Amino acid sequence: MPALSHDAVPVFKLYGETRHWPTPDLLHCESIAERSRLHDWHIKTHRHADLLHLLHIAAGEVVLDLEGTQTRFCGPALIVVPAMAIHGFHFEQQIRGHIITLAQPLAEHLIVALSHQGAALQRSGHYRLVDSGEAQTIALLVAQIADEYRRPAINRDLVLHALIQALAAQVARRAERQRSHPPALRPTPSTSERARSHLQRFQALIEAHYREQPTVGALAKQLGITAAHLNTLCRQLADRSALQLLHERILLEAKRQLTYTNMTISEVADSLGFSEPAYFTRFFKRLTGLNPRDFRMRQHAPC
210 MPALSHDAVP VFKLYGETRH WPTPDLLHCE SIAERSRLHD WHIKTHRHAD
260 LLHLLHIAAG EVVLDLEGTQ TRFCGPALIV VPAMAIHGFH FEQQIRGHII
310 TLAQPLAEHL IVALSHQGAA LQRSGHYRLV DSGEAQTIAL LVAQIADEYR
360 RPAINRDLVL HALIQALAAQ VARRAERQRS HPPALRPTPS TSERARSHLQ
410 RFQALIEAHY REQPTVGALA KQLGITAAHL NTLCRQLADR SALQLLHERI
460 LLEAKRQLTY TNMTISEVAD SLGFSEPAYF TRFFKRLTGL NPRDFRMRQH
510 APC
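Mapped onto this note's numbering, the consecutive letters of the sequence shown carry residue numbers 210 to 512.
Dropping the structure here:
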């Protein structure tokens, strides 16, 4: 089968979804079967502009297509799929495991916290868990994340953050031990490194300044490129405009503050750079279909 050009590879938030990040959490967790059974156990090659996948294969076989290289293996295993990596999967129906997806702010936080070992979360890779003790430790962490993610509880956000930090540290340790082996997966040559670098720097600028609501032109100037060029590369690599990427980050923070804090709507609006609460309400409803108050009530409604 001929390789897809980078422009032809679909860009999703979660596989099969092109709308906004579906949760106020900075991570999403589901069983592998939950989504893959809807697609006949075959997840076609695609990519994400600003998400990191950590897949835990507890048992069963998978054919992994990562950056054009296909590998067949059985669990227990870990798979790391960083932002922009082209990836796909063909799972057997008896597969057991979970996929944990991290939004960019959380992924970047973990990469920085891990220091030089943070590169393990920036490289495509898969790791067989042949040591039974290591396999059990990682399986327990993933099970705890899945359990905590599914149920609302006091300090849920804090517990999830601690658990994902522990899992990321385990991934980094496993990658460190494998570092002496030549990488089986090569970075794709089909997208210019300069374009990727511009997108990554733009996303970093968004993270640093989204509360100030800077203009796309001002951010492009900091990158040393025009706003038109920035928009073009954002559409090519992320399938969204530069302004949409900025708005998605503002929206994510708005959802988190409405869910996890007691701030008033006016306080949330002010913290995110809106001069009037009405502007914030209009922005939020345009992107979600709900006004902020209704969204908060839904988040806090009993399950």
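Cβ coordinates follow ideal geometry from the N, Cα and C atoms, glycine included. Values in this document were obtained by computation on a predicted structure and should not be read as measured data.
Return yes when the Cβ of residue j is within less than 8 Å of the Cβ of residue i, no when it is not.
| i | j | result |
| --- | --- | --- |
| P501 | L467 | yes |
| P458 | Y419 | Here residue 458 is Arg; the residue named in the question, Pro, does not match the sequence. Yes, the Cβ-Cβ distance between R458 and Y419 is below 8 Å. |
| V289 | V380 | yes |
| A344 | P285 | yes |
| G297 | H237 | no |
| A447 | L408 | yes |
| M293 | R405 | yes |
| H307 | E357 | no |
| T310 | L260 | yes |
| Q374 | A328 | no |
| E276 | S333 | yes |
| H265 | L287 | yes |
Taking the alpha-carbon positions, what's the residue i to residue j distance?
| i | j | result |
| --- | --- | --- |
| P314 | E416 | 7 Å |
| A312 | R281 | 28 Å |
| R507 | K464 | 11 Å |
| R337 | P233 | 32 Å |
| A436 | Y488 | 24 Å |
| R305 | H335 | 16 Å |
| P396 | I320 | Any answer about P396 is weak, because its pLDDT of 44 lies below 50 and its placement is not dependable; what the coordinates show is given next. In a straight line, the C-alpha of P396 is about 19 Å away from that of I320. |
| Q302 | K253 | 16 Å |
| Q353 | D366 | 13 Å |
| H438 | E317 | 25 Å |
| A161 | T441 | This structure does not reach residue 161, given that the chain is present from 210 up to 512, and the question cannot be answered. |
| T278 | H299 | 13 Å |
| T473 | D479 | 10 Å |
| H248 | I241 | 11 Å |
| D274 | A384 | 19 Å |
| L499 | E462 | 16 Å |
| A377 | A348 | 13 Å |
| G269 | I434 | 47 Å |
| L235 | F493 | 18 Å |
| E485 | R491 | 10 Å |
| D503 | L460 | 15 Å |
| G482 | S475 | 11 Å |
| Q431 | V271 | 43 Å |
| R386 | T497 | 44 Å |
| R444 | S245 | 27 Å |
| A413 | N471 | 28 Å |
| P391 | Q326 | Per-residue confidence for P391 stands at a pLDDT of 47, beneath the threshold of 50, marking its modelled position as unreliable; the derived number appears in the next sentence. Those two C-alpha atoms are separated by around 17 Å. |
| E402 | H251 | 29 Å |
| A355 | C283 | 21 Å |
| D340 | E243 | 28 Å |
I'd like the span of the alpha helix (DSSP H) that includes residue i, first residue to last.
| i | result |
| --- | --- |
| Q331 | Run containing Q331: none; DSSP gives neither H nor E here. |
| A292 | Counting along the chain, A292 falls outside any alpha helix (DSSP H), and DSSP gives it neither H nor E. |
| L350 | 341 to 359 |
| I373 | 365 to 386 |
| D503 | 501 to 509 |
Nearer than 7 Å: is that true of the beta carbon of residue i relative to any heavy atom of the ligand FMN?
| i | result |
| --- | --- |
| H325 | Among the components of this structure there are no ligands whatsoever, and the ligand FMN is therefore not found. |
Just tell me which of the options has its CA closest to the CA of residue i.
| i | options | result |
| --- | --- | --- |
| L350 | L369, S245, Q453 | L369 |
| I295 | A267, H262, H318, E270 | H262 |
| A267 | T346, A322, D249 | T346 |
| R505 | S484, L247, V477 | V477 |
| E421 | L455, R382, P486, A378 | L455 |
| A451 | R246, T470, A429, L330 | A429 |
| R495 | H509, Q453, Y469 | Q453 |
| Y469 | N364, L432, Q412 | N364 |
| R382 | L330, L414, R360, C283 | L330 |
| H173 | R360, D340, W250, L414 | No answer is possible for residue 173: it lies beyond the span of the chain, which begins at 210 and ends at 512. |
Exercise. Which ranges would you report for the alpha helix (DSSP H) in the segment 410 to 463 if only whole runs of at least 4 residues count?
Worked result: 425 to 432, 436 to 447
For this session: Please go through the segment 473 to 499 and give each complete alpha helix (DSSP H) segment of 4 or more residues, from N-terminal end onward.
Result: 474 to 480, 486 to 497
For this session: Enumerate, from N- to C-terminal direction, the unbroken beta strand (DSSP E) stretches of 3 or more residues contained entirely within the segment 240 to 312.
Result: 251 to 255, 260 to 268, 270 to 275, 278 to 283, 286 to 290, 296 to 300, 305 to 312
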